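Counted the way the numbering used here counts, the sequence shown spans residues 8 to 134.
Here a beta-carbon is modelled for each residue, glycine too, at the ideal position from N, C-alpha and C.
The structure presented is a predicted model; accordingly, all values stated were derived computationally and were not measured.
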Amino acid sequence: MWEQAGGLPGRRPAALAYTERVNKRSWITFTVVRLLAFFVPLIVLLFIQVNPWIATVLAAVIGLCVSFIFFRKPRESVARELYEVRHAEKAPVREDDEVEDAVLDALDEAPAAPAAETPATPESRQS
8 MWEQAGGLPG RRPAALAYTE RVNKRSWITF TVVRLLAFFV PLIVLLFIQV
58 NPWIATVLAA VIGLCVSFIF FRKPRESVAR ELYEVRHAEK APVREDDEVE
108 DAVLDALDEA PAAPAAETPA TPESRQS
């Protein structure tokens with residue numbers, strides 16, 4: 008797929024390598040559950056007419072506590088995946104790094120252009 012789009016053969020951009028290593032389902036599930044843990048108490052508190060600022064703070068505290076107590080497994084799964092991506096054995100190869108390296112290598116291998124003659128100054132013309 009990447010080679011067909013004009014990419015370098017055998018190399019993939021870091022974004023593709025990142026998404027291939029991460030389980031998107033666990034991230035989406037954890038995010039949705041955390042949002043529900045915040046918005047459900049918020050809606051209930053707003054429905055019983057608690058001041059919006061206080062309701063927001065209470066909903067955040069309730070959501071944090073619920074997430075910490077009951078959602079240990081998805082939280083650890085996401086944290087483990089994040090750790091694995093961050094501490095990968097091999098650094099991802101980025102396409103722009105390879106292009107820059109190729110340009111610098113080409114400049115190093117190119118023969119040096121002859122030095123341009125310095126333009127004559129008015130003083131040198133008089134002599």
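Span of the alpha helix (DSSP H), counted from its first residue to its last, around residue i
{"i": "E91", "result": "79-93"}
{"i": "R101", "result": "Run containing R101: none; DSSP gives neither H nor E here."}
{"i": "E39", "result": "Before going further, note that residue 39 is Val rather than Glu in the sequence given. 31-54 is the span of the alpha helix (DSSP H), which, as asked, contains V39."}
When the options are compared against residue i, the one with the closest alpha-carbon
{"i": "F45", "options": "W60, L53, G70, D108", "result": "G70"}
{"i": "A66", "options": "V106, Q56, D112, V51", "result": "V51"}
Assumed close pair residue i, residue j - CB separation to whole angstroms, cut-off 8 Å
{"i": "A62", "j": "L43", "result": "Not a contact, Cβ separation roughly 16 Å."}
{"i": "V40", "j": "F78", "result": "6 Å"}
>> Taking 8 Å as the cut-off, does the segment 73-84 touch the segment 29-47 (at least 3 CB pairs, one atom from each stretch)?
In response: yes
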